[in-house]
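S.K.: For reference, each letter of the sequence shown is one residue, going -32 to -1, 1 to 303 in mature numbering (1 follows the signal peptide of the UniProt record, and there is no 0).
C-beta: ideal position from N, C-alpha, C; glycine also.
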Amino acid sequence: MSSGRVRTRRAALGLALTVAAATALTGCSALGSDDSSASSNGGGLEKSKIKVSIMPTTDLGPFWLALDGGYFKAEGLDVEQIVANSGQASMTKAISGEADIALSTYTPFFVAKSKGTADVTLVADATSVNAKSNAIVTVPSSNVKTVNDLAGKRIAITAMNTASDILTKSVMKDHGVDFSQVKWTLMPLPNMAAALQQNQVDAAYMPEPMLTQAAKTAGAIPVIDINTGASQDFPLTGFGAATKWVQQNPKTLAAFQRAMKKATSDALNDRSKVEPLLVKYAKIDADTAKLLTLPGYGSTLDARRIQRVPDLMLQMGVITSKVEAAPMIAPQATN
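#1: Can you tell which of G12, A182, D46 and G37 has its C-alpha closest to the C-alpha of T106?
#2: In whole angstroms, what separates the C-alpha of N167 from that of W152?
#3: Leaving out five residues before and five after M284 in sequence, what residues of the same chain have Cβ atoms less than 6 Å from its Cβ?
#4: Please report the Cβ distance between D170 and S110, rounded to the nearest whole angstrom; I am assuming they are in contact, meaning their Cβ atoms lie under 8 Å.
#5: Given a cut-off of 7 Å, decide if M155 and A124 are closer than it, judged by their beta-carbon atoms.
#6: Please confirm whether T302 and E176 have their CB atoms less than 7 Å apart.
#7: Closer than 8 Å is the cut-off here; do at least three beta carbon pairs connect the region 91 to 102 with the region 197 to 213?
#8: According to DSSP, is residue 358 helix, strand or coil?
#9: Near K230, what residues of its chain come up, given a Cβ to Cβ distance below 6 Å and the 5 sequence neighbours on each side ignored?
#10: Going by beta-carbon coordinates alone, are P76 and Q49 separated by less than 7 Å?
#11: From the DSSP output, in three-state form, read off D27 for me.
#12: From the DSSP output, in three-state form, read off G55 for me.
#13: Mind checking who F207 pairs with in its DSSP beta bridge?
#14: Distance check for S82 and S8, CA to CA, integer angstroms please.
#15: Do you know offhand how far I189's Cα is from Q225's?
#16: For a test of the three-state rule: what should DSSP assign to D193, helix, strand or coil?
#17: Hey, A250 and P108: beta-carbon distance below 7 Å or not?
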């Protein structure tokens, strides 16, 4: 056989091997579940359909804007919301796998971390206390007129060791008012206005929209705004997820963060985009939606700011040892 023919056969064999290797690699890629799902949803996401546990409050304005305004869809996400009765219940849905991401006040996340009952990661911010968005209120017939009158009184809160509990105590402490003898009365937020009217309690901690609704139905008036002293601009709510889910779905999480970041920016720039969503999802009447004070919306988590939550919880005895916020925060999407 001539040397020319040998070289030709060797070249052909080399080409065949190269094609076979490329085919094998392509086949491996096609068999990988992550890559195949990424190509099917077009965005390289680990999963395109996610469930988010929420509570139908004004905290969800940007979330609903992202849902109805196509922000999630633009990121390749199909988002289903699941309603929970409380922040604790919402977080539990994420830990159990019933939901992928959960909105809650920050308190349950840090209690779980402190006690080691769940491995949770904070993935996005939601709201902070805003001027006139949260207050301790009473009615004109009550003998509570100022914050100094709250000592030893019956104060309605949703539950112990919650934001309503620690922020009420924080405001009282800032004004030198002893809260050790307070008769804490636990009840759902919608029941507080009637309880004030019927003299079942002397004061109540209320966020919006309950503040505006209680003013209309019960003549409720503020005793003191929560947006003062140690609780000024205090971080209230955020989104969290099981740490394992965060580690397994970094691209999906980044897509969620980007959608929320854009929706939050638009909500802050134009509240008229949020008001009809509060009517639709939070079941607030249109007049209340126009009158109420919106919370301070945010999306990107800052460790120094969020650290205020576990620090106040430690100060108030809700947790017994210091918890560092920074290691609990997931990487934040930059664009």
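M.R.: This is what the structure holds:
#1: Taking the sequence shown and counting its residues from 1, one reaches residue 106 at position 138. For T106, the nearest C-alpha among the options comes from A182.
#2: Numbered from its first residue, the sequence shown carries residue 167 at position 199. Numbered from its first residue, the sequence shown carries residue 152 at position 184. Rounded to the nearest angstrom, the two C-alpha atoms are 14 Å apart.
#3: Walking along the sequence shown from the start, residue 284 turns up at place 316. I134 and K137, listed in sequence order.
#4: The residue given as residue 170 occupies position 202 in the sequence shown. The residue given as residue 110 occupies position 142 in the sequence shown. That pair is a contact at about 5 Å.
#5: Residue 124 sits at position 156 when you count from the first residue of the sequence shown. Residue 155 sits at position 187 when you count from the first residue of the sequence shown. Taking 7 Å as the Cβ cut-off, A124 and M155 qualify as a contacting pair.
#6: Taking the sequence shown and counting its residues from 1, one reaches residue 302 at position 334. Taking the sequence shown and counting its residues from 1, one reaches residue 176 at position 208. In this structure, E176 does not lie closer than 7 Å to T302 by Cβ.
#7: yes
#8: Here the chain has residues from -32 to 303 only, and residue 358 is not among them.
#9: For the purposes of this step, residue 230 is taken as the residue at position 262 of the sequence shown. Here the set comprises Y39.
#10: On the sequence shown, residue 76 is found 108 positions in, with the first residue counted as 1. On the sequence shown, residue 49 is found 81 positions in, with the first residue counted as 1. Cβ atoms of P76 and Q49: not closer than 7 Å.
#11: Position 59 of the sequence shown, counted from the first residue, corresponds to residue 27. Reduced to three states, the DSSP call for D27 is helix.
#12: By one-based count along the sequence shown, residue 55 stands at place 87. Residue state, collapsed to three classes: helix.
#13: For the purposes of this step, residue 207 is taken as residue 239 along the sequence shown, with counting starting at 1. BP columns for F207 point to L71 and A92.
#14: As a first step, residue 8 must be located in the sequence shown, where it is residue number 40. As a first step, residue 82 must be located in the sequence shown, where it is residue number 114. Residue confidence for S8 is low, a pLDDT of 37 falling below 50, so the modelled location carries little weight; the figure read from the coordinates is stated next. Between S8 and S82, the C-alpha separation is close to 40 Å.
#15: Walking along the sequence shown from the start, residue 189 turns up at place 221. Walking along the sequence shown from the start, residue 225 turns up at place 257. Taking the straight line from one Cα to the other gives about 37 Å.
#16: As a first step, residue 193 is located in the sequence shown; it is residue number 225 there, counting from the start. Three-state result, D193: strand.
#17: The count along the sequence shown starts at 1 and reaches residue 250 at position 282. The count along the sequence shown starts at 1 and reaches residue 108 at position 140. For A250 and P108, no; Cβs fall outside 7 Å.
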